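Protein chains in written order, with this note's numbering: chain H, 1 to 328; chain G, 1001 to 1268. One structure is given here, and the rest of the page talks about it.
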């Protein structure tokens, strides 16, 4: 089942550029020699624009649904995703704050955006955590309510900031809708370390997530250091989310739907669920991005619009098919 | 490993409030000790404190002389396993996956199981009569089967001490009896020390070697069920008149409420 997804990612990635681009991408892989029968400008288009864009999109999809799967497991709530507990909004606020202070043009400046987003995300998580905490325990319901409230608040702050910085309103709005308006290799390089570290940590956390499904109490009794593991997972997932939001904006549904699709198809074991969600998220966002670019060509739709427009009905279809068995 | 559980002058509570005070008892290998008492007496609190979910305010919890209070969760889980009530279980895991999670204290972060882990899980399934259910999803099982799976999970944990929190609460008569017989048999065969919160006094009398009566967070009496479950004491503790008669076959105490209260017919 793993190979099926790797395969579909490969097809998605290769399928994106039609015609010549396909062959050019193939030639990108080492060992493959093709006749260089395309103009030099094509190289620029592919390797400086399309390829980094594709990689950024794949990274974003992987990050959002990987951390979405982890949030769902962490809070034992099928609705949990980077947005529900306010992390993404917090990251967005951090990123917009960084941008409004100085729109960064160099790589160093770009590195600060995910850092600011991470600070925003982590600050939000900590705020939500302390708001939701009652005594020594943290009930999930309170956590999500606090997350939604803090998320709305930070979103409002973000909107305010964006309206204030007039010249960049259009650009910022496109970013917020998940337009992935940044291009070139710089954002890829800036986001890569964050996402690699975050996802790297999450991929191997399947077993503790499985045990956490029995509730904090039983998990502790089965030998898990629940508080520490939860803090670790929240930080890793927030880091991942922050990097994704910082460069691709707010893209809904990927973090929510993909983990559920994987769960319906391959079961609840987080040791498979997290990696498959990462692969599935990359695949789904690549397809959505492809659609966004070709549907109204030469105009480009924000990816977020596609993920919601196509993702929601598809999800509902799968949900209905799986109805007779609870997959959660 | 065979082990004796010793609880000494234990104080447990939430925040500054103390729910359980000065509690001392020990459970020997092979013995089933039942914690009884009215709702809110502190039975569940005690189970939580001994299993490390609640930090004790003072006192000692020792297995073979080793103080568990200082141990991290993973090490503590090698000394004692908990059988919780079969409620809100993750529905989609299979029985096998569920029981394998009992091996957590022996697995690494990745949860990679060795042949030894699998053998222990298989053994636990066999002993609880759930091997044939291994591939089934947990939500396809009956309440009695789910409870046996949780017992198997605790057995897979391979600990000398077993804690059980109202394991029969949602079971019918047949499954209550089966589960407690099974627990007793396992305690004897494996030399397990079993500490079980159980509010059904008649089950306690039939299946427990000893009983400890908790009232308002304090130990009121401890001893064999016949010693602890006397009509005077129970009537006082439960605040309704109670009869205690002898079981027709075993002579163990059977507790009956003293009939009905008179229905008031006055119109005021």
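Virtual Cβ for every residue (Gly too), placed ideally from N, Cα, C. Nothing here was measured: the structure is a model prediction, and the numbers come from that model.
Judged by beta-carbon spacing, residue 56(H) lies within the 8 Å limit of residue 248(H), meaning their Cβ atoms are closer than that value.
Here residue 1114(G) is exposed: its Cβ has fewer than 16 other Cβ atoms, across all protein chains shown, within 10 Å. In the structure shown, residue 1095(G) adopts helical secondary structure according to DSSP, grouped into three states.
The C-beta of residue 1195(G) comes no closer than 8 Å to any C-beta of chain H. Runs of the beta strand (DSSP E) lying entirely within the region 1028–1065 of chain G and spanning at least 3 residues, in chain order: 1032–1036, 1058–1063. Rounded to whole angstroms, the gap between the alpha carbons of residue 185(H) and residue 118(H) is 20 Å.
Contact holds between the region 1198–1213 of chain G and the region 1014–1034 of chain G, because three or more Cβ pairs, one in each stretch, are under 8 Å apart.
Ranking 1156(G), 1220(G), 1034(G), 1168(G) by CA distance to the CA of residue 1190(G) puts 1156(G) first. In the three-state reduction of the DSSP assignment, residue 1235(G) falls in the helix class. With a threshold of 8 Å between beta carbons, residue 210(H) makes contact with chain G. In summary, residue 303(H) is buried, with 16 or more beta-carbon neighbours lying within 10 Å of its beta-carbon over all protein chains present. Across the region 1095–1116 of chain G, CB contacts with chain H closer than 7 Å involve 1097, 1101, 1102, 1104, 1105, 1107, 1109, 1110, 1111, in sequence order along the chain.
Here residue 1095(G) is not near residue 1120(G), since their CB atoms are 8 Å or more apart. Secondary-structure assignment with DSSP links residue 190(H) through no beta bridge to anything.
Secondary-structure assignment with DSSP links residue 1165(G) through a beta bridge to 1197(G).
Secondary structure of residue 1246(G) (DSSP, three-state): strand. Membership of residue 294(H) in any beta strand (DSSP E) is not indicated; the residue belongs instead to the alpha helix (DSSP H) covering 270–294.
Runs of the beta strand (DSSP E) lying entirely within the region 1127–1154 of chain G and spanning at least 3 residues: none are present.
In the displayed model, residue 1014(G) falls within a strand according to three-state DSSP. The Cβ-Cβ distance between residue 1038(G) and residue 1078(G) does not fall below 8 Å. Contact check for residue 1161(G) against residue 1193(G) passes: the beta carbons are separated by less than 8 Å. Pairing residue 1035(G) with residue 1221(G), the inter-Cα distance amounts to about 10 Å. Look at residue 242(H) here: in three-state DSSP terms it is helix. Contacts between residue 218(H) and chain G, judged by CB atoms closer than 8 Å, involve 1082, 1084 in chain order. About 11 Å separates the CB atoms of residue 1242(G) and residue 1254(G); that is not less than 8 Å, and the two are not in contact. Just measuring C-alpha positions, the residue of 1218(G), 1216(G), 1225(G) sitting nearest residue 1207(G) is 1225(G). Burial check for residue 1007(G): the Cβ neighbour count within 10 Å reaches 16 or more, so the residue is buried. Membership of residue 208(H) in the alpha helix (DSSP H) is indicated by the continuous run 206–212.
Using a Cβ-Cβ cut-off of 9 Å, residue 272(H) is close to nothing in chain G; its nearest Cβ partner there is about 11 Å away.
Contact annotation for residue 207(H) against chain G: 1101, 1104, 1107, 1108, 1109, 1110, 1111, 1112 [CB-CB distance below 9 Å, chain order]. Per DSSP, the unbroken beta strand (DSSP E) holding residue 1221(G) starts and ends at 1218–1223. As DSSP reads the structure, residue 1006(G) sits in a beta bridge with 1026(G), 1062(G).
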